[in-house]
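Peer 1: The structure's right below; bear with me while I get my questions together.
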Amino acid sequence: MLEGFGELRLEGVTRRFGAAVALDRLDLTIRRGEFVALLGPSGCGKSTALNCIAGLLSLSGGAIWLDEKRIDVLRPEQRGFGMVFQNYALFPHMSVRKNIGFGLAMRRAPKEEIRGKVDAALDLVQLRTHAEKLPGQLSGGQQQRVAIARAIVVEPPLVLMDEPLSNLDAKLRLEMRTDIKRIHRELGRSTVYVTHDQDEALSLADRIVVLHEGKIQQIGSPEELYASPANLEVARFMGYRNILDLDAERVDGKRVALYGAGIALDGMAQHAIARGPVTVAIRPDDVEPAGAGGNAIEARVEIVEYCGRDWLVDLVLPDGRTIYARSPRKVSPGASAHCAVAPDRVLVFPRESGNDRG
Amino acid sequence: MIAAERRLDRTAVLAVPGVLLVLLLFIYPFLYGLVLSFEPKEGGGLGNYLRFFSEPFLYNTIATTLSLAIPTTLMNVGLALPIAFRMRRNSAWQRVLTTILVLPITLGTVLIAEGLLTYLGPQGWVNRLLIESGLAATPIRLTHNYWGVFLALIIAEFPFAFLLILSYITGIDPALPQAAATLGAGPARQFLHVYLPLLAPGLAITFCLCFVQAFSVFPSAVLLGAPAGPTRVISIAAYTAAFEEYDYSMASAIAMIMGAVQLIIVVAVLGLRGAFYRGPAGGAKG
């Protein structure tokens with residue numbers, strides 16, 4: 018079993034399934050105590066990466082290092098990382114207590130030690146009263162907590178979580194998210210967390226790794242990714258729902274003057290930009306119908322959805338394209354709206370080849 | 109409510125042909141045989157049973173049959189389990205082996221017995237190979253004795269045990285052994301702590317089904333065995349009573365005894381099964 022560590026390094030980790038490349042030369046360093054989220058759409062390679070770290074999948078190329086020890090050659094039982102599976106993978110024939118104690122029993126810990134540690138883990142996930150039940154007698158959220166307790170009770174150097182909340186309903190998901198955050202803060206275990214939900218990644222992680230088609234798109238803190246996504250893929254994932262193909266008329270340092278779709282606005286270049294076709298990403302939150310200052314966009318209100326705190330508004334641009342906005346005030350469908358967008362919230366990217374998501 | 113009741117009615121109607129079939133082809137003959145067994149040619153109501161358990165030539169058939177059925181069944185389950193376990197990942201080999209193993213099931217016991225008679229006989233391939241290679245000086249007797257029937261039962265029942273166990277193994281969520289692995293269990297302990305407890309009820313069922321078939325062995329006991337002596341199994345005793353002595357009452361009594369022995373073993377094994385977890389073998393609620 019592996020003891021505490023300084024850092025886990027993935028060096029050029031590659032995994033192929035036949036001709037398909039699921040993971041393409043992944044480089045990533047996870048520091049001690051850090052909570053790292055692997056974020057991406059299904060099929061982006063995030064679960065493959067997790068299974069490679071756990072040892073459930075062998076690598077097609079590259080290496081994984083735990084400090085100075087190469088671990089990709091070890092079997093999963095020799096790595097001793099705690100893993101929480103998407104479907105929980107609780108042993109159906111064992112009581113909650115036996116499930117949680119399984120890892121300690123496999124390490125041949127003395128009986129009293131197992132009992133004490135399992136009790137502590139049961140308290141941590143607030144399941145003390147359910148200790149003697151079988152997993153099948155628990156609710157989904159309780160099963161999830163057993164799975165987490167089972168993974169952390171062995172005090173693993175690294176905890177791996179594979180979309181642990183995806184099988185829960187919305188309310189429970191929020192509660193469990195808080196629990197996972199609390200447990201991570203109390204125990205300080207390095208955690209790699211796989212998810213396709215950017216809210217989960219933003220709220221839980223110290224650092225987020227965005228994956229797309231097996232390649233890392235961006236690594237950064239939640240704030241960095243949210244404010245300045247490195248490319249359109251990341252932008253889409255970070256909630257930039259308005260992706261528009263426009264033309265850059267003037268480029269002045271980072272500031273770009275844009276035309277197209279019947280509108281004119283200023284934006285900020287995220288990369289070196291030349292005049293010509295570009296793609297622009299704007300978050301709905303940054304488009305304010307009936308706002309003032311910054312860029313002004315004239316549009317017609319099409320659909321208004323009430324969301325409690327604010328309104329989600331579908332706007333139609335003069336050329337017929339739709340953009341989305343969040344409005345703190347109620348607006349009426351059919352009305353024309355003078356929208357305001359701050360220029361530094363208009364992110365300008367080079368046009369993707371074959372980009373048809375105008 | 110009304111709709112649900114109507115659907116229930118229709119379902120009940122669907123069960124009628126099945127129930128009729130069972131009544132006509134199983135319950136009625138069974139009860140007929142049961143009554144017949146208490147109307148012996150001579151002696152009181154229990155005459156046949158008293159005769160069976162007082163004549164060694166008759167009651168020894170129980171031991172003879174058990175001595176064939178239990179070792180072969182244990183061996184089949186014991187062999188099928190590791191092989192099916194190795195084959196648990198869906199692969200080309202799994203399909204090839206499954207296809208090969210289905211063949212003996214389709215052949216039927218008589219054909220297998222006929223084939224083995226030549227194959228295992230003094231001039232058969234097995235003995236020729238043993239003699240040519242110098243492993244044996246004279247032909248080893250593998251037919252018309254205990255071992256002929258033993259091998260025939262292995263060949264006939266193994267595929268059945270294998271396919272049944274394979275389906276039980278593939279029904280276990282692969283995330284469970286993976287979870288055990290991340291918790292520090294190597295392959296042996298994954299098998300011991302995860303697979304085996306989840307498979308135990310299925311193994312008990314497999315044992316029962318194979319045992320019942322082996323216990324009622326008849327064609328291979330006659331063709332490959334020594335039906336007058338070492339492989340005079342209980343079905344031969346029933347056959348002799350019915351078609352050589354024309355004592356249907358005695359034959360019915362033997363059949364009832366045969367059924368009772370099978371039932372005792374099956375109930376005992378299924379009782380053991382109760383000691384194990386019997387729910388779904390998945391990692392989560394459905």
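Chains C and D supply the protein sequences, listed in that same order.
Take any residue in the first sequence, note its place counting from 1, add 17, and you have its number in this note's numbering.
Take any residue in the second sequence, note its place counting from 1, add 108, and you have its number in this note's numbering.
Backbone N, C-alpha and C define an ideal beta-carbon position, used for all residues, glycine too.
(1) Is the beta carbon of ARG42/C sitting closer than 8 Å to the one on GLY79/C?
(2) Is any beta-carbon of chain D found at less than 8 Å from that of MET18/C?
(3) I want to verify the contact list: residues of chain C whose CB lies under 8 Å from the CB of TYR300/D, in sequence order.
(4) So GLU265/D is in the alpha helix (DSSP H); what residue range does that whole segment cover?
(5) Write down every uninterrupted run of the alpha helix (DSSP H) in the segment 135-169 of chain D whose length is 4 residues or greater and which is fully enclosed by it, in chain order.
(6) Can you list, in chain order, the residues of its chain with a C-beta nearer than 8 Å to that of LEU185/C? Leave out the 5 residues immediately preceding and following it.
(7) Might you give, ordered along the chain, the residues of its own chain that have their beta carbon closer than 6 Å to the beta carbon of LEU154/D, omitting 5 neighbours on each side?
(8) Between PHE266/D and the ligand ATP, is the CB less than 7 Å from at least one heavy atom?
(9) When the Cβ atoms of the segment 93-110 of chain C are set against those of the segment 163-176 of chain C, are three or more pairs found closer than 8 Å?
(10) Output needed for THR214/D: all residues of its chain with C-beta closer than 6 Å, excluding positions within five of it in sequence on either side, in chain order.
(11) Using 10 angstroms around the beta-carbon of ALA392/D, count the other beta-carbons present and answer buried if the total reaches 16, otherwise exposed.
(12) Which residues does DSSP pair with LEU329/C in a beta bridge?
(13) Does LEU371/D pass the burial test, meaning 16 or more other C-beta atoms within 10 Å, or should it be called exposed?
(14) Return the chain-ordered ranges of every alpha helix (DSSP H) run that is complete within the segment 181-263 of chain C and spans a minimum of 4 residues.
(15) Report buried or exposed for ILE220/D, applying the criterion of at least 16 other Cβ atoms within 10 angstroms of its Cβ.
(16) Within the continuous beta strand (DSSP E) that includes GLY376/C, where are the two ends?
(17) Would you tell me roughly how many angstroms separate the C-alpha atoms of ARG343/C and LEU282/C, rounded to the nearest one?
(18) State the DSSP-derived secondary structure class of ARG272/C, mapped to helix, strand or coil.
(19) Between which two residues does the beta strand (DSSP E) containing VAL53/C stretch?
(20) Around the C-beta of LEU139/C, are 16 or more other C-beta atoms found within 10 angstroms, so that it is buried, or is it exposed?
(21) Give me, in chain order, the residues of the same chain whose beta-carbon lies closer than 7 Å to that of LEU73/C; leave out the 5 immediate sequence neighbours on both sides.
(22) Rounded to the nearest angstrom, what separates ASP63/D and ALA123/D at their Cα positions?
(23) Please return the same chain residues whose Cβ sits closer than 6 Å to the Cβ of VAL234/D, not counting the five positions on each side in sequence.
(24) Rounded to a whole number of angstroms, what is the C-alpha to C-alpha distance between GLY60/C and VAL377/D?
(25) With a threshold of 6 Å on Cβ separation, who are the neighbours of ILE236/C within its own chain once the five nearest residues in sequence on each side are excluded?
(26) Kindly indicate if chain C contains any beta-carbon less than 8 Å away from that of THR290/D.
(27) Buried or exposed for ALA245/D, please, with buried defined as at least 16 other CB atoms from any protein chain shown within 10 angstroms of its CB.
(28) Note the first and the last residue of the continuous beta strand (DSSP E) segment covering ARG92/C.
(29) Kindly indicate which residue of ILE262/D, ALA383/D, GLU240/D and SER241/D has the alpha-carbon position closest to the one of ILE178/D.
(30) With a threshold of 6 Å on Cβ separation, who are the neighbours of PRO173/C within its own chain once the five nearest residues in sequence on each side are excluded?
(31) State yes or no: is the beta carbon of GLU130/C nearer than 8 Å to at least one beta carbon in chain D?
(32) Taking beta-carbon pairs under 7 Å, can you tell me which members of the segment 144-163 of chain C lie near chain D?
(33) Is TYR385/D close to chain C, meaning its C-beta is less than 8 Å from at least one C-beta of that chain?
(34) Rounding to the nearest angstrom, what Cα-Cα distance links PRO267/D and THR314/D in this structure?
(35) Which same chain residues, not among the five before or five after ASN184/D, have their C-beta less than 7 Å away from its C-beta?
(36) Identify which residue in ARG132/C, GLY57/C and ARG300/C has its Cα closest to the Cα of LEU329/C.
Peer 2: Put simply:
(1) yes
(2) Note that MET18/C has pLDDT 47, beneath the 50 cutoff, so the model's placement of it is unreliable and the number below is only indicative. It does: the Cβ of MET18/C has a partner Cβ on chain D nearer than 8 Å.
(3) The residue asked about is misnamed: residue 300/D is Leu in this sequence, not Tyr. The contacting residues do not exist; LEU300/D stays about 11 Å from chain C at best.
(4) 254-278
(5) 136-145 and 155-162
(6) GLY157, GLY158, GLN161 and MET193
(7) none
(8) This structure lacks the ligand ATP, and indeed carries no ligand of any kind.
(9) yes
(10) none
(11) For ALA392/D, the predicted structure reports a pLDDT of 49, less than 50, and the residue's modelled location is therefore unreliable. The matter cannot be settled from this model.
(12) GLU322/C and ARG343/C
(13) exposed
(14) 187-204, 215-221, 239-244 and 249-254
(15) buried
(16) This structure cannot settle anything about residue 376/C, because the visible part of chain C is limited to 18 through 375.
(17) 19 Å
(18) strand
(19) 52-56
(20) buried
(21) PRO93
(22) Outside the shown range of chain D (109 to 394) lies residue 63/D, about which nothing can therefore be said.
(23) LEU228
(24) 47 Å
(25) VAL226
(26) yes
(27) exposed
(28) Neither: ARG92/C is in no beta strand (DSSP E) and is coded neither H nor E.
(29) ILE262/D
(30) GLY97, PHE98 and GLY99
(31) no
(32) GLY153, GLY157 and GLN160
(33) yes
(34) 11 Å
(35) ILE262, GLU265, PHE266, ALA269 and CYS318
(36) ARG300/C
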